[in-house]
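S.K.:
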Amino acid sequence: PNAHVVASDNSSEERERAIRHAQAQGLSARVSIEPIDLADLHVFAHLAETGEELEACPAVDVVTCSLGLFMLPPSQQEGCLRGIHALLKPGGVLVASVWEQMPLLTLGAASIGKALGRASLPLPYAATSLGGGRADSLLCAAGFVPTTCRAHNAVHALPLRLGRHCTDAWLLGLMAYLPAIAELSTRPEHSGVFARARAAFDQEAALAGYVNSSEEVTVPLQWRMLCVRRPIDD
Numbered sequence: 016p017n018a019h020v021v022a023s024d025n026s027s028e029e030r031e032r033a034i035r036h037a038q039a040q041g042l043s044a045r046v047s048i049e050p051i052d053l054a055d056l057h058v059f060a061h062l063a064e065t066g067e068e069l070e071a072c073p074a075v076d077v078v079t080c081s082l083g084l085f086m087l088p089p090s091q092q093e094g095c096l097r098g099i100h101a102l103l104k105p106g107g108v109l110v111a112s113v114w115e116q117m118p119l120l121t122l123g124a125a126s127i128g129k130a131l132g133r134a135s136l137p138l139p140y141a142a143t144s145l146g147g148g149r150a151d152s153l154l155c156a157a158g159f160v161p162t163t164c165r166a167h168n169a170v171h172a173l174p175l176r177l178g179r180h181c182t183d184a185w186l187l188g189l190m191a192y193l194p195a196i197a198e199l200s201t202r203p204e205h206s207g208v209f210a211r212a213r214a215a216f217d218q219e220a221a222l223a224g225y226v227n228s229s230e231e232v233t234v235p236l237q238w239r240m241l242c243v244r245r246p247i248d249d
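Set out below in structure tokens:
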């Protein structure tokens with residue numbers, strides 16, 4: 016009951032919504048919503064530099080990260096995990112979810128390629144780079160050890176329901192690509208790219224078998240749970 020929670024999201028709109036929700040629930044004194052840079056956690060954590068070592072304020076019991084680590088380039092992922100390790104008290108726990116299968120990005124890539132009439136845009140993220148058990152070596156290198164609970168490396172299904180394909184499903188399906196599409200749409204040779212992307216998304220979703228008899232689009236995603244801790248004697 017006396018815990019203090021610091022939460023974040025990569026969307027400023029989501030952070031503002033969370034602030035309003037915390038205020039409405041009377042939790043503003045114990046819930047802070049802050050922008051957090053996953054690639055530079057020591058700034059957020061107020062780490063003090065001692066020689067070449069970084070010492071964290073030992074106040075964090077648990078860090079959770081819901082499907083966010085994949086947004087970092089693979090070269091920055093171990094550094095982020097080391098930053099989380101430094102935040103935690105000895106014995107503190109990191110619980111994270113990572114993508115195991117992310118066909119939504121593949122679907123988006125195929126749709127954009129069809130809309131452009133050429134090879135698609137590059138995937139915006141290496142979405143499954145930490146799936147398949149590949150996170151374990153990075154977690155170990157960052158100083159973590161597995162917890163004794165069976166949740167670590169458990170794989171779960173996530174049927175992502177995007178809604179009816181004739182309405183806004185394509186906006187969710189192509190969300191990762193929308194900034195690039197918006198930039199392309201300003202070029203005369205790509206005028207109408209939004210309409211073509213929407214039509215292509217509907218076609219590709221149907222071909223992949225993601226549209227049911229009610230014309231609802233559901234993409235079968237999978238995610239993996241990671242549950243590790245900083246050693247007590249660390």
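According to our numbering, the stretch in the sequence shown is residues 16 to 249, in order.
Note that beta-carbon positions come from the ideal geometry of N, C-alpha and C, so glycine has one too.
May I have the straight-line CA-CA distance separating Leu102 from Glu198, to the nearest angstrom?
M.R.: 38 angstroms
S.K.: Do you know whose CA, among Cys95, Gln40, Gln38, Ala33, lies nearest Glu49's CA?
M.R.: Ala33
S.K.: Measure the alpha-carbon distance for Leu42 versus His19 and round it to whole angstroms.
M.R.: One C-alpha to the other measures close to 10 angstroms.
S.K.: Does DSSP classify Gly178 as helix, strand or coil?
M.R.: strand
S.K.: Out of Leu138, Gln91, Gly94, Ala54, point me to the one whose CA is closest to Met190's CA.
M.R.: Leu138
S.K.: DSSP has Thr233 in a bridge; who is on the other side?
M.R.: Residue pairing from DSSP places Thr233 in a beta bridge opposite Arg176.
S.K.: With DSSP collapsed to three states, give me the class of Ser43.
M.R.: coil
S.K.: When you compare each of Gln38, Ala44, Ser112 to Leu236 by their alpha carbons, which one comes out closest?
M.R.: Ser112
S.K.: Tell me the DSSP secondary structure of Leu82 in three-state form.
M.R.: coil
S.K.: Grab me the residues of Glu64's own chain with a C-beta within less than 6 angstroms of its C-beta, minus the 5 sequence neighbours each way, in chain order.
M.R.: Any reading at Glu64 must be qualified, since the residue scores a pLDDT of 43, below 50, and its modelled position is unreliable; the value itself is stated next. Answer for Glu64: no residue qualifies.
S.K.: With DSSP run on the structure shown, which of helix, strand or coil describes Glu115?
M.R.: strand
S.K.: Quick check: what's the CA-CA separation for Asp76 versus Ile99?
M.R.: 11 angstroms
S.K.: Taking the alpha-carbon positions, what's the Ala195 to Thr201 distance?
M.R.: 10 angstroms
S.K.: Roughly how many whole angstroms lie between the Cα atoms of Ala172 and Ser47?
M.R.: 31 angstroms
S.K.: By alpha-carbon positions, which one of Gln40, Ala44, Glu28, Ala210 ends up nearest to Val21?
M.R.: Ala44
S.K.: Under the assumption that Met117 contacts Thr79 (Cβ atoms under 8 angstroms), give the Cβ distance between them as a whole number of angstroms.
M.R.: Not a contact, Cβ separation roughly 20 angstroms.
S.K.: What are the start and end residues of the beta strand (DSSP E) that includes Val208?
M.R.: Run containing Val208: none in the beta strand (DSSP E); it sits in the alpha helix (DSSP H), 208 to 222.
S.K.: Assign Trp114 to one of two classes, buried (16 or more other C-beta atoms within 10 Å of its C-beta) or exposed (fewer than that).
M.R.: buried
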